[in-house]
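The next block holds one structure in the form of structure tokens; read it before the comments.
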Amino acid sequence: MTEQTSHTETPQTDATQHTAQPHDAASQAEHHEGHAEDEQATAGGAEERIAALEEKLSEMEDRWKRSEADNQNLRARHKRELEDTRHYAVQKFARDVVEAADNLRRGLSALPHYKEGEDALITEMRKGFEGTERSFLSILERHGITRLDPTHKPFDANLHQAMQEQEVDHLPPNHVVQAWSPTWMLKDRLLKPAMVVVSNASSTGQPPKED
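The structure is reproduced here in structure tokens:
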């Protein structure tokens with residue numbers, strides 16, 4: 001009797017296990033689906049982080065480029081300022097020097113023109129002054145100071161100062177008839193304007209031919 005009872009319970013246990021298998025399959029399917037969703041969520045989060053990092057990297061690169069461009073502009077401006085300071089630091093001194101050159105030219109102009117049989121002292125004085133002037137001008141040119149003769153050139157208010165107007169028949173209006181003093185330049189900067197006589201509106205001449 002005891003053996004029969006034991007024999008009949010075994011099929012029931014197997015049946016119970018057999019009946020539970022569909023539930024295990026469903027649970028496993030749900031587990032796989034949940035795992036897949038987790039993987040998708042993880043992948044999606046990683047892509048978002050990568051995109052955010054790439055955007056931040058792009059912003060940092062743009063900032064670096066702008067900073068580098070600003071630094072280059074600053075260096076270029078600083079270099080120009082240094083060059084300007086170096087070139088024009090002696091501007092006031094140069095004005096005084098060209099005043100001395102003008103005085104030397106006035107002294108030469110006051111001497112009589114050379115003529116045969118003149119006093120030897122006058123001849124030697126003229127040669128000495130002329131040699132001194134050539135040497136002086138050469139020194140000035142080496143330091144960027146140049147003398148320009150505006151005679152017969154078109155009047156330029158940036159370079160010339162009109163002291164008088166005159167009607168002439170050998171120049172058109174608004175040309176320099178006579179220069180009482182030259183134009184002095186330091187590199188490309190005006191040191192001292194020329195003092196000039198300008199042909200007036202009634203002048204009837206033709207423009208001079210370029211040399």
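Residue numbers (UniProt numbering): 1 to 211. Using N, Cα and C, we set each Cβ at its ideal position, and we do this for glycine too.
Report the option in the options whose CA atom is closest to the CA atom of residue i.
{"i": "Ala-94", "options": "Lys-187, Val-196, Pro-207", "result": "Lys-187"}
{"i": "Lys-192", "options": "Glu-167, Phe-129, Ala-157", "result": "Ala-157"}
{"i": "Leu-171", "options": "Glu-47, Ala-201, Thr-132", "result": "Ala-201"}
{"i": "Arg-189", "options": "Ile-50, Arg-77, Gln-91, Glu-118", "result": "Gln-91"}
{"i": "Thr-204", "options": "Ala-194, Val-177, Pro-173, Ala-162", "result": "Pro-173"}
{"i": "Val-97", "options": "Glu-165, Glu-133, Lys-209, Phe-129", "result": "Glu-133"}
{"i": "Ser-109", "options": "Gln-161, Glu-130, Ala-120", "result": "Glu-130"}
{"i": "Ala-100", "options": "Leu-159, Leu-53, Leu-137", "result": "Leu-137"}
Going by DSSP, which residues form a beta bridge with residue i?
{"i": "Leu-190", "result": "Met-185"}
{"i": "Val-90", "result": "According to DSSP, Val-90 bridges with nothing at all."}
{"i": "Glu-147", "result": "The identity of residue 147 in the sequence shown is Arg, whereas the question assumes Glu. DSSP lists Trp-184 as partners of Arg-147."}
{"i": "Met-195", "result": "Gln-161"}
What's the gap between the Cα of residue i and the Cα of residue j?
{"i": "Arg-106", "j": "Arg-126", "result": "12 Å"}
{"i": "Ala-179", "j": "Val-196", "result": "4 Å"}
{"i": "Arg-80", "j": "Gln-72", "result": "12 Å"}
{"i": "His-175", "j": "Glu-68", "result": "51 Å"}
{"i": "Val-198", "j": "Val-168", "result": "9 Å"}
{"i": "His-152", "j": "Thr-85", "result": "34 Å"}
{"i": "Glu-83", "j": "Leu-74", "result": "14 Å"}
{"i": "Glu-118", "j": "Ala-89", "result": "46 Å"}
{"i": "Ile-50", "j": "Lys-56", "result": "10 Å"}
{"i": "Glu-165", "j": "Pro-150", "result": "15 Å"}
{"i": "Glu-210", "j": "Pro-154", "result": "12 Å"}
{"i": "Pro-208", "j": "Leu-104", "result": "29 Å"}
List the endpoints of the continuous beta strand (DSSP E) containing residue i.
{"i": "Ala-201", "result": "Per DSSP, Ala-201 belongs to no beta strand (DSSP E) and is neither H nor E."}
{"i": "His-160", "result": "160-166"}
{"i": "Gln-178", "result": "176-179"}
Determine the extent of the alpha helix (DSSP H) in which residue i is found, giving its start and end residues.
{"i": "Leu-121", "result": "120-142"}
Worksheet entry | Sufficient close CB pairs (3 or more, under 8 Å) joining the segment 137-155 to the segment 173-187 | yes
Fill in: Inter-stretch contact at 8 Å, needing at least 3 Cβ pairs: the segment 113-123 / the segment 40-60
Between the segment 113-123 and the segment 40-60 there are fewer than three inter-stretch CB-CB distances shorter than 8 Å, so the stretches are not counted as touching.
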